[in-house]
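In the working numbering, the protein residues as written are 777 to 1104.
In what follows, a structure is listed as C-alpha coordinates, so that the remarks can point back to it.
Now the structure itself:
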(Lines of atoms letter the chains of each structure in order from A and count residues from 1; the text may use other names and numbers.)
(Lines give C-alpha, C1' and ligand atoms only; values in the text may rest on other atoms or scores of the structure.)
Protein backbone atom coordinates (compact mmCIF):
# COMPACT_ATOMS: atom_id res chain seq x y z
CA UNK A 1 0.00 0.00 0.00
CA UNK A 2 3.05 2.31 -0.03
CA UNK A 3 2.13 3.31 -3.59
CA UNK A 4 -1.19 4.89 -2.61
CA UNK A 5 0.49 6.73 0.28
CA UNK A 6 3.13 8.10 -2.11
CA UNK A 7 0.45 9.19 -4.57
CA UNK A 8 -1.51 10.91 -1.82
CA UNK A 9 1.58 12.84 -0.74
CA UNK A 10 2.26 13.99 -4.29
CA UNK A 11 -1.38 15.00 -4.69
CA UNK A 12 -1.25 16.95 -1.42
CA UNK A 13 1.97 18.76 -2.34
CA UNK A 14 1.30 19.42 -6.02
CA UNK A 15 -2.47 20.01 -6.09
CA UNK A 16 -4.12 20.45 -2.70
CA UNK A 17 -1.71 22.71 -0.84
CA UNK A 18 -1.06 25.13 -3.74
CA UNK A 19 -4.81 25.76 -4.07
CA UNK A 20 -5.73 25.63 -0.38
CA UNK A 21 -5.69 29.40 0.04
CA UNK A 22 -7.96 29.94 -2.95
CA UNK A 23 -10.29 27.19 -1.72
CA UNK A 24 -10.48 28.85 1.69
CA UNK A 25 -11.18 32.27 0.15
CA UNK A 26 -13.89 30.87 -2.14
CA UNK A 27 -15.49 28.85 0.64
CA UNK A 28 -15.92 25.86 -1.65
CA UNK A 29 -13.88 22.83 -2.68
CA UNK A 30 -13.93 22.52 -6.49
CA UNK A 31 -15.74 19.41 -7.68
CA UNK A 32 -12.83 18.74 -10.03
CA UNK A 33 -10.57 18.29 -6.99
CA UNK A 34 -12.81 15.57 -5.58
CA UNK A 35 -13.01 14.00 -9.03
CA UNK A 36 -9.20 13.81 -8.98
CA UNK A 37 -9.31 12.00 -5.64
CA UNK A 38 -11.79 9.55 -7.12
CA UNK A 39 -9.56 8.89 -10.16
CA UNK A 40 -6.66 8.19 -7.80
CA UNK A 41 -8.76 5.52 -6.07
CA UNK A 42 -8.92 7.38 -2.76
CA UNK A 43 -12.69 7.05 -2.40
CA UNK A 44 -12.24 3.29 -2.36
CA UNK A 45 -9.47 3.27 0.22
CA UNK A 46 -11.53 1.38 2.82
CA UNK A 47 -13.61 -0.66 0.36
CA UNK A 48 -13.02 -4.32 -0.51
CA UNK A 49 -11.00 -5.32 -3.54
CA UNK A 50 -13.94 -7.44 -4.72
CA UNK A 51 -15.83 -4.22 -5.52
CA UNK A 52 -12.94 -2.10 -6.77
CA UNK A 53 -11.68 -0.84 -3.43
CA UNK A 54 -8.12 -0.85 -2.14
CA UNK A 55 -8.85 -2.75 1.09
CA UNK A 56 -6.23 -0.62 2.82
CA UNK A 57 -5.04 -1.59 6.27
CA UNK A 58 -5.46 0.96 9.09
CA UNK A 59 -1.84 2.14 8.90
CA UNK A 60 -2.30 2.99 5.23
CA UNK A 61 -5.59 4.79 5.84
CA UNK A 62 -3.95 6.86 8.57
CA UNK A 63 -0.91 7.72 6.42
CA UNK A 64 -3.11 8.80 3.49
CA UNK A 65 -5.35 10.89 5.77
CA UNK A 66 -2.30 12.59 7.24
CA UNK A 67 -0.98 13.45 3.78
CA UNK A 68 -4.34 14.80 2.65
CA UNK A 69 -4.76 16.97 5.75
CA UNK A 70 -1.34 18.45 5.12
CA UNK A 71 -2.55 19.48 1.66
CA UNK A 72 -5.96 21.03 2.28
CA UNK A 73 -7.98 20.30 5.40
CA UNK A 74 -11.34 21.18 3.82
CA UNK A 75 -10.83 18.66 1.03
CA UNK A 76 -9.51 16.05 3.46
CA UNK A 77 -12.48 16.63 5.75
CA UNK A 78 -15.02 15.95 2.99
CA UNK A 79 -13.18 12.89 1.71
CA UNK A 80 -12.55 11.36 5.15
CA UNK A 81 -16.25 11.28 6.02
CA UNK A 82 -16.90 9.12 2.96
CA UNK A 83 -14.49 6.40 4.08
CA UNK A 84 -16.81 5.27 6.87
CA UNK A 85 -19.52 4.31 4.42
CA UNK A 86 -17.82 1.72 2.17
CA UNK A 87 -16.46 0.07 5.31
CA UNK A 88 -19.96 -0.08 6.83
CA UNK A 89 -21.66 -1.23 3.63
CA UNK A 90 -19.16 -4.07 3.16
CA UNK A 91 -20.88 -7.30 4.15
CA UNK A 92 -24.30 -5.67 4.33
CA UNK A 93 -27.36 -6.42 2.16
CA UNK A 94 -26.59 -3.22 0.21
CA UNK A 95 -23.09 -4.28 -0.82
CA UNK A 96 -23.81 -5.50 -4.34
CA UNK A 97 -25.90 -2.45 -5.21
CA UNK A 98 -23.73 0.25 -3.65
CA UNK A 99 -20.14 -0.79 -3.06
CA UNK A 100 -18.69 -0.52 -6.56
CA UNK A 101 -20.03 3.01 -7.01
CA UNK A 102 -18.91 4.07 -3.54
CA UNK A 103 -15.40 2.73 -4.10
CA UNK A 104 -15.14 4.46 -7.47
CA UNK A 105 -16.47 7.74 -6.13
CA UNK A 106 -19.40 7.66 -8.53
CA UNK A 107 -21.57 7.83 -5.43
CA UNK A 108 -20.20 9.95 -2.61
CA UNK A 109 -21.33 9.99 0.98
CA UNK A 110 -21.38 11.89 4.22
CA UNK A 111 -22.18 10.76 7.74
CA UNK A 112 -24.57 11.76 10.56
CA UNK A 113 -23.72 9.41 13.41
CA UNK A 114 -24.41 11.37 16.60
CA UNK A 115 -27.30 9.11 17.56
CA UNK A 116 -24.80 6.25 17.79
CA UNK A 117 -22.36 8.06 20.08
CA UNK A 118 -24.40 10.39 22.31
CA UNK A 119 -26.47 8.65 25.02
CA UNK A 120 -29.05 11.43 25.58
CA UNK A 121 -30.83 13.27 24.18
CA UNK A 122 -31.23 11.09 21.12
CA UNK A 123 -30.07 13.06 18.08
CA UNK A 124 -32.22 11.29 15.49
CA UNK A 125 -34.99 8.85 16.35
CA UNK A 126 -36.33 6.05 14.16
CA UNK A 127 -39.60 4.16 14.17
CA UNK A 128 -40.40 1.27 11.89
CA UNK A 129 -43.58 1.54 9.85
CA UNK A 130 -43.99 -1.46 7.58
CA UNK A 131 -41.33 -1.32 4.88
CA UNK A 132 -40.04 2.09 5.94
CA UNK A 133 -38.27 3.91 8.74
CA UNK A 134 -39.51 7.33 9.83
CA UNK A 135 -36.79 9.65 11.10
CA UNK A 136 -37.03 12.73 13.34
CA UNK A 137 -34.34 14.96 14.82
CA UNK A 138 -31.06 16.32 13.59
CA UNK A 139 -27.31 16.70 13.98
CA UNK A 140 -25.27 19.92 13.89
CA UNK A 141 -22.53 18.68 11.56
CA UNK A 142 -22.84 16.91 8.23
CA UNK A 143 -19.87 17.60 5.99
CA UNK A 144 -19.64 17.76 2.20
CA UNK A 145 -23.34 18.45 1.67
CA UNK A 146 -22.95 19.92 -1.81
CA UNK A 147 -20.68 17.05 -2.83
CA UNK A 148 -22.46 13.95 -1.52
CA UNK A 149 -25.24 11.80 -2.90
CA UNK A 150 -26.21 10.09 0.34
CA UNK A 151 -25.71 10.47 4.07
CA UNK A 152 -25.21 7.48 6.35
CA UNK A 153 -27.60 8.38 9.17
CA UNK A 154 -27.61 6.72 12.58
CA UNK A 155 -31.12 6.76 14.05
CA UNK A 156 -32.21 5.17 17.33
CA UNK A 157 -35.46 3.47 18.22
CA UNK A 158 -37.24 3.14 21.57
CA UNK A 159 -35.36 -0.09 22.32
CA UNK A 160 -31.98 1.67 22.00
CA UNK A 161 -31.16 -0.08 18.75
CA UNK A 162 -29.23 2.09 16.28
CA UNK A 163 -30.26 1.75 12.64
CA UNK A 164 -27.76 2.91 10.02
CA UNK A 165 -29.58 4.06 6.89
CA UNK A 166 -28.48 5.55 3.57
CA UNK A 167 -30.51 8.74 3.17
CA UNK A 168 -30.55 10.69 -0.10
CA UNK A 169 -28.86 14.07 0.26
CA UNK A 170 -31.82 15.97 -1.12
CA UNK A 171 -33.63 18.76 0.68
CA UNK A 172 -37.42 18.75 0.81
CA UNK A 173 -40.36 19.25 3.13
CA UNK A 174 -39.04 16.66 5.61
CA UNK A 175 -35.28 17.18 5.26
CA UNK A 176 -33.36 20.45 5.61
CA UNK A 177 -29.68 21.35 5.51
CA UNK A 178 -28.62 24.75 6.89
CA UNK A 179 -25.02 25.84 6.12
CA UNK A 180 -22.79 26.25 9.15
CA UNK A 181 -20.57 29.33 9.45
CA UNK A 182 -17.16 28.11 10.61
CA UNK A 183 -13.91 29.89 11.43
CA UNK A 184 -12.03 27.26 9.41
CA UNK A 185 -12.81 24.65 6.75
CA UNK A 186 -15.80 26.72 5.61
CA UNK A 187 -15.13 25.18 2.20
CA UNK A 188 -16.09 21.76 3.60
CA UNK A 189 -19.80 22.45 2.97
CA UNK A 190 -20.74 21.52 6.52
CA UNK A 191 -24.43 21.87 7.37
CA UNK A 192 -26.88 21.38 10.20
CA UNK A 193 -28.92 18.38 9.08
CA UNK A 194 -32.54 18.01 10.24
CA UNK A 195 -35.33 15.54 9.49
CA UNK A 196 -38.99 15.65 10.48
CA UNK A 197 -41.17 12.69 9.61
CA UNK A 198 -38.64 11.77 6.93
CA UNK A 199 -39.44 8.41 5.36
CA UNK A 200 -36.60 6.10 4.30
CA UNK A 201 -37.21 2.71 2.64
CA UNK A 202 -36.14 -0.24 4.79
CA UNK A 203 -34.18 -1.39 1.73
CA UNK A 204 -31.70 1.40 2.61
CA UNK A 205 -30.87 -0.20 5.96
CA UNK A 206 -27.14 -0.94 6.18
CA UNK A 207 -27.25 -2.60 9.59
CA UNK A 208 -28.82 -2.40 13.05
CA UNK A 209 -26.68 -2.49 16.20
CA UNK A 210 -27.64 -2.24 19.89
CA UNK A 211 -26.49 1.12 21.25
CA UNK A 212 -24.43 -0.46 24.03
CA UNK A 213 -22.54 -2.64 21.56
CA UNK A 214 -21.76 0.30 19.27
CA UNK A 215 -20.64 2.56 22.11
CA UNK A 216 -18.38 -0.16 23.49
CA UNK A 217 -16.34 -0.07 20.29
CA UNK A 218 -16.55 3.70 19.67
CA UNK A 219 -13.29 4.60 21.49
CA UNK A 220 -11.42 2.35 19.06
CA UNK A 221 -12.72 4.46 16.17
CA UNK A 222 -10.97 7.64 17.31
CA UNK A 223 -7.59 7.01 15.70
CA UNK A 224 -8.22 8.23 12.14
CA UNK A 225 -9.15 11.79 13.14
CA UNK A 226 -5.78 12.11 14.84
CA UNK A 227 -4.17 11.92 11.41
CA UNK A 228 -5.74 15.26 10.47
CA UNK A 229 -3.88 16.98 13.30
CA UNK A 230 -0.63 15.22 12.41
CA UNK A 231 -0.93 16.29 8.78
CA UNK A 232 -1.49 19.91 9.72
CA UNK A 233 1.39 19.86 12.21
CA UNK A 234 3.72 18.35 9.62
CA UNK A 235 2.82 21.07 7.08
CA UNK A 236 3.48 23.77 9.67
CA UNK A 237 6.85 22.20 10.51
CA UNK A 238 7.86 22.20 6.84
CA UNK A 239 6.78 25.79 6.24
CA UNK A 240 8.50 27.04 9.40
CA UNK A 241 11.61 25.00 8.60
CA UNK A 242 11.57 23.46 12.05
CA UNK A 243 12.80 19.87 11.59
CA UNK A 244 13.03 19.54 15.37
CA UNK A 245 9.26 19.03 15.31
CA UNK A 246 9.77 15.80 13.37
CA UNK A 247 10.66 13.93 16.55
CA UNK A 248 7.48 15.18 18.24
CA UNK A 249 5.43 14.15 15.21
CA UNK A 250 6.95 10.68 15.23
CA UNK A 251 6.33 10.30 18.96
CA UNK A 252 2.67 11.38 18.77
CA UNK A 253 2.08 9.20 15.70
CA UNK A 254 3.59 6.17 17.46
CA UNK A 255 1.48 6.86 20.52
CA UNK A 256 -1.70 7.00 18.44
CA UNK A 257 -0.81 3.77 16.67
CA UNK A 258 -0.06 1.92 19.91
CA UNK A 259 -3.00 3.23 21.93
CA UNK A 260 -5.83 0.95 22.94
CA UNK A 261 -9.36 2.26 23.44
CA UNK A 262 -8.59 3.57 26.93
CA UNK A 263 -5.47 5.43 25.79
CA UNK A 264 -6.82 6.84 22.52
CA UNK A 265 -8.53 9.94 23.97
CA UNK A 266 -5.28 11.16 25.51
CA UNK A 267 -3.35 10.27 22.34
CA UNK A 268 -5.87 12.23 20.27
CA UNK A 269 -5.47 15.17 22.64
CA UNK A 270 -1.70 15.01 22.18
CA UNK A 271 -2.12 15.19 18.39
CA UNK A 272 -4.47 18.20 18.56
CA UNK A 273 -2.17 19.96 21.02
CA UNK A 274 0.81 19.36 18.72
CA UNK A 275 -1.04 20.88 15.76
CA UNK A 276 -1.94 23.88 17.91
CA UNK A 277 1.70 24.32 18.98
CA UNK A 278 3.06 23.83 15.46
CA UNK A 279 0.69 26.47 14.08
CA UNK A 280 1.83 28.87 16.78
CA UNK A 281 5.48 28.21 15.97
CA UNK A 282 4.78 28.83 12.29
CA UNK A 283 3.15 32.16 13.11
CA UNK A 284 6.20 33.21 15.13
CA UNK A 285 8.60 32.05 12.42
CA UNK A 286 6.72 33.98 9.72
CA UNK A 287 6.33 37.09 11.82
CA UNK A 288 3.89 39.90 11.09
CA UNK A 289 2.88 38.36 7.76
CA UNK A 290 1.14 35.57 9.64
CA UNK A 291 -1.64 37.91 10.77
CA UNK A 292 -2.42 38.99 7.21
CA UNK A 293 -5.68 37.46 5.98
CA UNK A 294 -4.96 34.82 3.39
CA UNK A 295 -1.43 33.96 4.53
CA UNK A 296 -0.97 30.17 4.88
CA UNK A 297 0.09 30.64 8.52
CA UNK A 298 -3.16 32.47 9.28
CA UNK A 299 -5.28 29.74 7.67
CA UNK A 300 -3.36 26.93 9.35
CA UNK A 301 -3.77 28.62 12.75
CA UNK A 302 -7.54 28.71 12.26
CA UNK A 303 -7.52 25.08 11.18
CA UNK A 304 -5.47 24.07 14.24
CA UNK A 305 -8.09 25.82 16.37
CA UNK A 306 -10.80 23.83 14.59
CA UNK A 307 -8.99 20.56 15.27
CA UNK A 308 -8.96 21.25 19.00
CA UNK A 309 -12.71 20.54 19.04
CA UNK A 310 -13.39 18.46 15.91
CA UNK A 311 -14.48 14.85 16.52
CA UNK A 312 -14.05 15.32 20.25
CA UNK A 313 -15.32 13.32 23.20
CA UNK A 314 -15.48 14.30 26.90
CA UNK A 315 -12.27 12.37 27.61
CA UNK A 316 -10.42 14.13 24.78
CA UNK A 317 -11.62 17.52 26.01
CA UNK A 318 -10.47 16.77 29.55
CA UNK A 319 -7.06 15.63 28.33
CA UNK A 320 -6.65 18.76 26.18
CA UNK A 321 -7.62 21.09 29.01
CA UNK A 322 -4.97 19.42 31.14
CA UNK A 323 -2.32 19.61 28.40
CA UNK A 324 -2.98 23.19 27.37
CA UNK A 325 -3.72 24.76 30.70
CA UNK A 326 -3.13 22.38 33.55
CA UNK A 327 -6.89 22.12 34.17
CA UNK A 328 -8.06 18.95 35.89
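We put the beta carbon where it would ideally sit given N, CA and C, even for glycine.
C-beta atoms of residue i and residue j nearer than 9 Å
i            : j            : result
residue 971  : residue 911  : yes
residue 941  : residue 931  : yes
residue 1078 : residue 1009 : no
residue 1022 : residue 1013 : yes
residue 837  : residue 982  : no
residue 1005 : residue 1047 : yes
residue 830  : residue 841  : no
residue 945  : residue 927  : yes
residue 990  : residue 835  : no
residue 859  : residue 963  : no
residue 843  : residue 784  : yes
residue 793  : residue 1089 : no
Assigned exposure category for residue i - 16 Cβ within 10 Å defines buried
i            : result
residue 1097 : exposed
residue 965  : buried
residue 959  : exposed
residue 979  : exposed
residue 935  : exposed
residue 947  : exposed
residue 903  : exposed
residue 984  : exposed
residue 826  : exposed
residue 1041 : buried
residue 861  : buried
residue 782  : exposed
residue 778  : exposed
residue 873  : exposed
residue 913  : buried
residue 1063 : exposed
residue 1085 : exposed
residue 815  : exposed
residue 975  : exposed
residue 1060 : exposed
residue 920  : buried
C-alpha gap between residue i and residue j, whole angstroms
i            : j            : result
residue 875  : residue 808  : 22 Å
residue 805  : residue 799  : 6 Å
residue 863  : residue 822  : 6 Å
residue 868  : residue 1072 : 43 Å
residue 884  : residue 1030 : 31 Å
residue 1055 : residue 854  : 22 Å
residue 1068 : residue 848  : 19 Å
residue 949  : residue 1082 : 32 Å
residue 1002 : residue 1049 : 11 Å
residue 811  : residue 881  : 8 Å
residue 938  : residue 901  : 9 Å
residue 1051 : residue 905  : 47 Å
residue 796  : residue 1045 : 25 Å
residue 1100 : residue 909  : 44 Å
residue 1070 : residue 1028 : 29 Å
residue 820  : residue 1024 : 31 Å
residue 1092 : residue 894  : 15 Å
residue 915  : residue 967  : 9 Å
residue 780  : residue 993  : 28 Å
Element boundaries [beta strand (DSSP E), containing residue i]
i            : result
residue 905  : 900 to 905
residue 968  : 967 to 977
residue 981  : 981 to 986
residue 1084 : Counting along the chain, residue 1084 falls outside any beta strand (DSSP E), and DSSP gives it neither H nor E.
Residue i, enclosing alpha helix (DSSP H) - first and last residue
i            : result
residue 1032 : 1021 to 1034
residue 793  : 793 to 802
residue 836  : 834 to 845
residue 858  : 849 to 865
residue 781  : 778 to 787
residue 814  : 807 to 815
Under the three-state DSSP convention, the category residue i falls into
i            : result
residue 870  : coil
residue 909  : strand
residue 945  : coil
residue 823  : coil
residue 953  : strand
residue 888  : strand
residue 1071 : coil
residue 1060 : helix
residue 882  : coil
residue 1099 : helix
residue 931  : strand
residue 1002 : helix
residue 914  : strand
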